[in-house]
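A.B. asks: Chains as they are written, first to last, in numbering that gives the first Met the number 0: chain Z, 0 to 347; chain R, 0 to 347.
Protein chains: 2
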Amino acid sequence: MSTLTLSCPVPVTTRDHVSLGHGSGGKLSAELMRDVFLPAFRNSTLERMEDQAVFAVNNGRMAFTTDSFVVKPLFFPGGDIGSLAVHGTVNDLAMGGAKPLFLSTAFIIEEGFSMEKLRRIVDSLGRAAKDCGVQIVTGDTKVVDKGSGDGVFINTTGLGVVTEGVYLSAGEARPGDAVLVSGSIGEHGIAILAEREGLEFDSPVESDSAPLHKLVADMLETTHAIRCLRDPTRGGVSSSLNEIAAQSQVGIMLDEPSILIREEVRGACEMLGLDPLYVANEGKLLAIVDAKVADELVAVMRRNPLGRDARRIGTVSGMDAGWVTMRTVLGTTRIVDMLAGDQLPRIC
Amino acid sequence: MSTLTLSCPVPVTTRDHVSLGHGSGGKLSAELMRDVFLPAFRNSTLERMEDQAVFAVNNGRMAFTTDSFVVKPLFFPGGDIGSLAVHGTVNDLAMGGAKPLFLSTAFIIEEGFSMEKLRRIVDSLGRAAKDCGVQIVTGDTKVVDKGSGDGVFINTTGLGVVTEGVYLSAGEARPGDAVLVSGSIGEHGIAILAEREGLEFDSPVESDSAPLHKLVADMLETTHAIRCLRDPTRGGVSSSLNEIAAQSQVGIMLDEPSILIREEVRGACEMLGLDPLYVANEGKLLAIVDAKVADELVAVMRRNPLGRDARRIGTVSGMDAGWVTMRTVLGTTRIVDMLAGDQLPRIC
């Protein structure tokens with residue numbers, strides 16, 4: 000298996016135009032990063048390719064992360080672009096083991112956008128920040144002419160202080176480690192899709208959008224034997240685990256029956272031909288941890304409402320380095336590859 | 000004069016839709032900030048309304064600032080959206096007395112955008128960052144469907160360390176202070192407009208887009224008797240000085256003959272009915288300084304290529320608090336008010 004190649008059939012250097020897949024969080028995104036952005040911006044912090052930069056400032060370590068939110072629709076069951084813009088960035092800081100402190104917000108608004116909707120979004124963003132205990136300390140607003148945007152895009156950039164003694168990295172997974180997830184998967188993506196396409200369920204699927212920094216704090220208070228944390232957003236569980244497998248040069252074996260997927264999400268995925276492993280989450284985390292502390296950590300996570308369905312879903316191995324595989328409910332084994340492009344564009 | 004009111008005729012609370020003027024940096028922007036953003040995000044750092052947040056972290060003070068760039072066209076004489084996105088954010092850090100250290104970049108790309116142009120922009124951004132000595136340590140890329148964006152929008156968010164003993168604020172101007180500017184004004188706005196409208200000049204006007212942190216370092220090495228620094232971007236010299244006059248509750252009297260405006264810029268402004276005091280700059284700074292050090296500072300600024308045309312253009316007074324006035328070349332006095340909306344949308 001390790002003789003196969005992970006590269007795309009058409010390298011970015013020979014592509015003439017940017018496609019939706021380049022924003023997918025899948026292989027095309029990775030390729031764009033590797034071929035266009037990294038060569039131009041090269042430095043050792045960026046090259047670590049984590050979801051947040053960690054560096055030393057004033058005798059401490061800080062985490063710094065940025066995300067633009069272009070989710071469509073702007074309002075969806077379980078949240079809106081405002082709360083999502085806070086949770087997404089708070090979570091990227093938390094995955095670096097940082098206590099989130101400060102946010103910047105930058106709005107790009109399309110001319111003619113409803114002032115009432117803007118107010119709802121801004122209020123939601125402010126409330127979410129307050130609930131997370133982070134301060135929005137600086138901001139920017141641009142307005143583009145009608146037809147040059149799509150309602151509202153929001154960038155949030157976050158700053159936090161990394162807990163002393165904590166060094167989390169996608170390059171730290173080791174054979175024998177356990178793979179944990181904090182709950183059921185696929186809810187954010189399906190909630191967005193249902194709203195966008197007008198799908199109806201018996202019991203509606205809500206986005207899981209939520210801030211995970213307190214769950215992470217609970218985990219780090221228990222043990223520092225945590226190698227890596229990732230929130231499986233764009234590209235889902237599959238993309239996050241593939242990144243870890245590649246950066247740590249380990250294999251990751253998932254156990255399908257252990258993975259919790261809500262009935263409505265499973266049904267929607269079957270109906271739409273989607274694989275829930277690739278569907279975005281906005282309030283879940285994956286943790287690669289020393290197997291010795293796995294049970295204790297799962298117990299700790301379950302005491303936090305955002306981790307009440309936490310469980311172990313897989314194991315890191317020294318074989319098939321760079322690959323994620325899954326033992327299915329049928330007892331067979333399949334490769335869980337990274338998608339080239341996107342199942343669901345504009346999911347966040 | 001001080002009995003007049005600065006508020007807009009139609010408050011934002013009764014407006015139904017966002018207009019281009021809300022992104023202008025003028026009165027409408029201020030109103031949107033005051034009525035929509037500030038109430039939702041309220042905290043003491045944000046309320047200072049500087050172009051950067053300054054806060055204590057790890058026993059030091061840091062500056063943090065964000066800007067989205069939606070300039071149209073993407074390439075213009077003297078720069079492009081990539082270099083502009085670096086200079087704009089580096090300058091906002093510098094105006095807070097901070098040494099710029101780290102940048103995040105977040106791209107929102109429209110589906111179908113030319114890969115070759117994207118590469119040029121990214122390369123330009125990377126080169127500008129390198130020239131400034133700042134590292135791009137984290138980033139994000141989103142792609143929106145065709146017709147939902149306009150080529151490329153870029154957010155840069157910057158982080159820097161504030162020089163010890165330096166406290167700059169738009170609220171610190173005092174009667175008797177001198178108003179300095181680092182050079183000629185209006186070039187960025189006219190360069191963009193000329194490119195957009197296909198105007199031709201005998202000698203072309205180039206954007207003044209440039210990083211000012213070294214000029215600021217030269218100034219702060221000379222003296223700490225500097226009250227406030229501002230880069231007069233959107234809304235031009237007029238908006239920056241009006242903000243200072245309002246926040247410090249002082250009057251500012253400009254001396255028109257002292258203000259340097261290049262011949263081509265003056266001609267273009269006359270032809271187009273623009274007032275150069277309202278036209279954006281991207282490589283100039285305004286400094287409010289103790290009058291005692293004004294001459295020395297002008298001399299220091301002139302030794303730096305980016306300040307070679309530095310000069311004193313006005314005086315802070317205790318009269319007409321909150322107002323900017325100008326003694327014209329004709330010897331009359333006029334009010335230099337803040338515009339409600341925009342002379343030139345999408346200038347940065």
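Virtual Cβ for every residue (Gly too), placed ideally from N, Cα, C.
In this structure, what does DSSP give as the bridge partners for K98 (chain Z)?
C.D. replies: In DSSP, K98 (chain Z) forms a bridge with Z:V160.
A.B. asks: Should A128 (chain R) be flagged as near chain A, meaning a C-beta pair shorter than 8 Å?
C.D. replies: Judged by its chain identifiers, the structure shown contains no chain A, and its protein chains are Z and R.
A.B. asks: Checking contacts by CB at 8 Å: is F152 (chain Z) closer than that to chain R?
C.D. replies: So, interface residue.
A.B. asks: Do the CB positions of N280 (chain Z) and P231 (chain Z) come within less than 8 Å of each other?
C.D. replies: It is a contact, given that the beta carbons lie within the stated cut-off.
A.B. asks: L3 (chain R) to D319 (chain R), Cα distance in whole Å?
C.D. replies: Unreliable placement is indicated for L3 (chain R), whose pLDDT of 33 sits below 50; no coordinate value is reported for it.
A.B. asks: Mapping DSSP to helix, strand and coil, what is V85 (chain R)?
C.D. replies: In the structure shown, V85 (chain R) sits in a helix (DSSP, three-state: H, G or I).
A.B. asks: Against chain R, which members of the segment 251-278 of chain Z pass a CB distance test of less than 7 Å?
C.D. replies: Listed by position along the chain: nothing, the set is empty.
A.B. asks: Please state whether the Cβ-Cβ distance between F101 (chain R) and G87 (chain R) is less than 8 Å.
C.D. replies: Cβ distance not < 8 Å, so F101 (chain R) and G87 (chain R) don't count as in contact.
A.B. asks: Assuming I153 (chain R) and A84 (chain R) form a contact by the criterion Cβ under 8 Å, report the distance between their Cβ atoms to the nearest whole angstrom.
C.D. replies: The Cβ separation is near 4 Å, so the contact holds.
A.B. asks: Could you tell me whether any Cβ in chain R is nearer than 8 Å to the Cβ of P344 (chain Z)?
C.D. replies: Yes, contact with chain R.
A.B. asks: If you compare alpha carbons, which of Z:G96, Z:T137 and Z:I334 is closest to W322 (chain Z)?
C.D. replies: Of the listed residues, the one whose Cα sits closest to W322 (chain Z) is Z:I334.
A.B. asks: Between the C-alpha atoms of S147 (chain R) and G111 (chain R), what's the straight-line distance to the nearest angstrom?
C.D. replies: Spanning the two alpha carbons is a distance of roughly 11 Å.
A.B. asks: Per DSSP, which one or two residues make a beta bridge with V142 (chain Z)?
C.D. replies: Partner(s): Z:I108.
A.B. asks: Kindly confirm or deny that the segment 337-347 of chain R and the segment 267-280 of chain R touch, where touching means at least three C-beta pairs closer than 8 Å.
C.D. replies: Yes, since at least three Cβ pairs between the segment 337-347 of chain R and the segment 267-280 of chain R fall closer than 8 Å, the two stretches touch.
A.B. asks: Under the three-state reduction of DSSP, which class applies to M0 (chain Z): helix, strand or coil?
C.D. replies: Note on M0 (chain Z): pLDDT 34, under 50, position unreliable in the model; the coordinate value appears next. Coil at M0 (chain Z), not helix or strand.
A.B. asks: Could you pull out every residue in the same chain whose Cβ sits closer than 6 Å to the Cβ of T140 (chain R), ignoring the five residues on either side in sequence?
C.D. replies: Cβ within range, chain order: F106.
A.B. asks: I want to verify the contact list: residues of chain R whose CB lies under 7 Å from the CB of R118 (chain Z), in sequence order.
C.D. replies: Simply V35.
A.B. asks: Find the residues of chain Z that neighbour T232 (chain R), judging by a C-beta separation of less than 7 Å, and give them in chain order.
C.D. replies: In chain order: nothing, as chain Z lies at least about 11 Å away.
A.B. asks: Identify, in the order they occur along the chain, each residue of the same chain with its Cβ nearer than 8 Å to the Cβ of A267 (chain Z), setting aside the five sequence neighbours on each side.
C.D. replies: These residues qualify, in order along the chain: I189, L192, A193, L198, F200, V204 and L273.
A.B. asks: Taking 6 Å as the limit between beta carbons, can you name the residues of its chain near K98 (chain R), skipping five residues before and five after?
C.D. replies: Counting only Cβ-Cβ distances below 6 Å, and skipping sequence neighbours, we find G159 and V160.
A.B. asks: Mind listing which residues of the segment 64-84 of chain Z have their C-beta closer than 7 Å to chain R's C-betas, in chain order?
C.D. replies: If the cut-off is 7 Å between Cβ atoms, the segment 64-84 of chain Z has T64, T65, D66, S67 and V69 near chain R.
A.B. asks: Would you please verify whether the beta carbon of I191 (chain R) is less than 8 Å from any beta carbon of chain Z?
C.D. replies: By this cut-off, I191 (chain R) is not an interface position.
A.B. asks: Using the C-alpha atoms, what's the distance from R261 (chain Z) back to E182 (chain Z)?
C.D. replies: Note on identity: in this sequence residue 182 (chain Z) is Gly, with Glu being the wrong assignment. Distance between the alpha carbons of G182 (chain Z) and R261 (chain Z): 10 Å.
A.B. asks: Please report the Cβ distance between D207 (chain R) and V299 (chain R), rounded to the nearest whole angstrom; I am assuming they are in contact, meaning their Cβ atoms lie under 8 Å.
C.D. replies: Not confirmed; about 20 Å, so no contact.
A.B. asks: Thinking C-alpha only, which one of R:S316, R:A209, R:G313 and R:A62 is nearest Y166 (chain R)?
C.D. replies: Nearest C-alpha to Y166 (chain R): R:A62.
A.B. asks: In or out: S43 (chain Z) buried (at least 16 other Cβ within 10 Å) or exposed?
C.D. replies: Burial call: exposed.
A.B. asks: When the Cα atoms are used, what is the spatial distance from F54 (chain Z) to N57 (chain R)?
C.D. replies: Rounded to the nearest angstrom, the two C-alpha atoms are 12 Å apart.
A.B. asks: Does the beta-carbon of R173 (chain R) have 16 or more other beta-carbons within 10 angstroms, so that it is buried, or is it exposed?
C.D. replies: Burial call: exposed.
A.B. asks: CB-CB under 8 Å to V70 (chain Z), same chain, minus the five flanking residues each way: which ones, in chain order?
C.D. replies: I80, L83, I191, R345, I346 and C347.
A.B. asks: Excluding sequence positions up to five away, which residues of its chain have a Cβ less than 7 Å from the Cβ of G313 (chain R)?
C.D. replies: Cβ neighbours of G313 (chain R) beyond the five flanking positions: V178, I251, M252, L253 and D254.
A.B. asks: Quick check: S239 (chain R) and Y277 (chain R), are their CB atoms within less than 8 Å of each other?
C.D. replies: Cβ distance not < 8 Å, so S239 (chain R) and Y277 (chain R) don't count as in contact.
A.B. asks: Using 10 angstroms around the beta-carbon of G59 (chain R), count the other beta-carbons present and answer buried if the total reaches 16, otherwise exposed.
C.D. replies: By the 10 Å Cβ count, G59 (chain R) comes out exposed.
A.B. asks: Apart from the five residues on each side of it in sequence, which residues of its chain come closer than 6 Å, Cβ to Cβ, to A245 (chain R)?
C.D. replies: Taken in chain order, the residues that qualify are G321.
A.B. asks: Which residue spans inside the segment 188-250 of chain Z form an unbroken alpha helix (DSSP H) run of at least 4?
C.D. replies: The qualifying runs are 212-221 and 235-247.
A.B. asks: Sorted by chain position, which residues of the same chain lie with C-beta nearer than 6 Å to G282 (chain Z)'s C-beta, five sequence neighbours on each side aside?
C.D. replies: Excluding positions up to five away in sequence, the list reads D207, S208 and A209.
A.B. asks: Here's the rule I'm using: 16 or more other beta-carbon atoms within 10 Å means buried, otherwise exposed. How should E359 (chain Z) be labelled?
C.D. replies: Beyond the ends of chain Z as shown, which are 0 and 347, falls residue 359 (chain Z); an answer cannot be given.
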